[in-house]
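Residue numbers (my numbering): 32 to 372.
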């Protein structure tokens with residue numbers, strides 16, 4: 032009898048394990064798998080006596096590189112295979128526990144949370160009941176903060192955050208936040224609000240397309256000609272702008288616009304689009320609204336905007352929702368929203 036013939040081993044990485052296989056060694060009576068953490072180091076027996084041509088190392092630690100070889104044996108002696116290296120992946124566990132806190136603003140709620148260990152992303156959920164009815168509010172987030180600008184003043188909301196990775200998810204505690212209502216200079220709530228949606232959610236193309244609805248939950252009609260709407264953005268360069276009113280329920284011809292450079296610019300706003308309305312626009316009845324006002328603007332050279340950091344721009348909802356970062360004025364007095372500061 033002669034010693035076993037030459038043969039070849041291969042290895043495949045798994046999650047905290049390594050799967051090994053080898054070709055048959057002619058004349059071999061049995062096999063034994065050996066392992067080392069160095070390609071030239073000391074190999075130690077890992078398995079008992081084997082007669083099959085496969086073995087799975089379930090004792091491997093994820094992220095560690097191991098070196099394996101197989102020894103074929105018979106009564107005449109032994110033959111050792113080639114050496115293969117395998118680096119198993121680490122086992123993924125569900126994200127760890129974490130805590131969220133909330134702060135009320137004017138028609139908005141600012142949320143922040145601690146990091147959830149192992150989390151790949153987060154999603155904010157909101158409900159008007161503390162125990163049920165939670166719906167996704169944000170898209171997938173990697174930051175640890177989020178501001179809900181769609182909140183209605185004097186309404187109590189309940190928020191929670193869900194952290195997610197490939198293994199599953201973990202849910203934070205629930206916090207309640209009651210945003211304040213915007214007010215006029217005299218501090219009396221007007222019942223007016225501006226709803227907004229982006230007709231185009233691409234933040235890096237040649238046109239911005241904000242659309243608005245002005246709502247009146249007050250007890251008196253409000254003349255459109257007394258109102259001004261301001262949408263804040265960064266102009267990115269010194270190019271002038273073109274304005275288009277694509278459609279308005281009150282009549283596109285009754286919508287007027289100008290672009291105003293802010294005297295005190297901020298990191299997210301140096302210019303605003305100001306909409307005013309002719310007398311032909313009529314009034315907004317108590318409990319009514321203006322209907323849609325579909326606007327669009329571009330640079331005269333048609334270069335791209337960078338809207339992702341613009342104060343009033345939001346992709347939180349593609350339906351009309353209250354946006355306190357779009358301001359509304361009645362006879363020049365702030366009646367809705369928060370100016371950038």
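Note that beta-carbon positions come from the ideal geometry of N, C-alpha and C, so glycine has one too. Just so it is clear, the structure is predicted and the values come from calculations on it, not from any experiment.
Open item on the list: DSSP three-state label for residue 32, please.
Closed with: coil
Task: 8 Å contact criterion, which residue 264 and residue 238 should meet: CB distance rounded - done: Actually they are not in contact, since the Cβ atoms of residue 264 and residue 238 sit about 12 Å apart, beyond 8 Å.
- [ ] Could you tell me which residues DSSP puts in a beta bridge with residue 315?
- [x] 253
Task: Bounding residues of the beta strand (DSSP E) (the contiguous stretch that carries residue 229) - done: 223-229
- [ ] Please determine, among 348, 86, 221, 304, the residue with the shortest C-alpha to C-alpha distance to residue 168.
- [x] Among 348, 86, 221, 304, the Cα nearest to that of residue 168 belongs to 348.
Open item on the list: Quick check: the Cα distance between residue 229 and residue 51, rounded to an integer number of angstroms?
Closed with: Rounded to whole angstroms, residue 229 to residue 51 spans 55 Å at the Cα level.
Task: Closest residue to residue 359 among 282, 176, 261, 293 (Cα-Cα distance) - done: 261
TODO: Measure the Cβ-Cβ separation of residue 208 and residue 133 and say whether it is below 9 Å.
DONE: yes
- [ ] Tell me whether the beta-carbon of residue 93 lies closer than 9 Å to the beta-carbon of residue 121.
- [x] yes
- [ ] Report the residue ranges of all beta strand (DSSP E) runs contained in full by the segment 61-111; include only those spanning at least 3 residues, in chain order.
- [x] 61-67, 85-88, 97-105, 108-111
Task: Nearest candidate by alpha-carbon position, reference residue 141, set 118, 105, 181, 152 - done: 181
- [ ] With a floor of 3 residues, list each beta strand (DSSP E) that falls wholly inside the segment 329-356, ordered by position along the chain.
- [x] none
Open item on the list: Please state the DSSP three-state secondary structure of residue 284.
Closed with: helix
Task: Pair within 9 Å by beta-carbon distance, residue 331 and residue 252 - done: no
Task: Strand pairing of residue 273, partner residues [DSSP] - done: Here residue 273 is bridged, per DSSP, to 329.
TODO: May I ask you to report which of helix, strand or coil DSSP gives residue 143?
DONE: strand
Task: Straight-line gap, residue 277 to residue 157 (C-alpha atoms, nearest Å) - done: Residue 277 and residue 157: Cα-Cα distance of roughly 33 Å.
TODO: Rounded to whole angstroms, what's the CA-CA distance from residue 305 to residue 165? Just pull it up for me.
DONE: 36 Å
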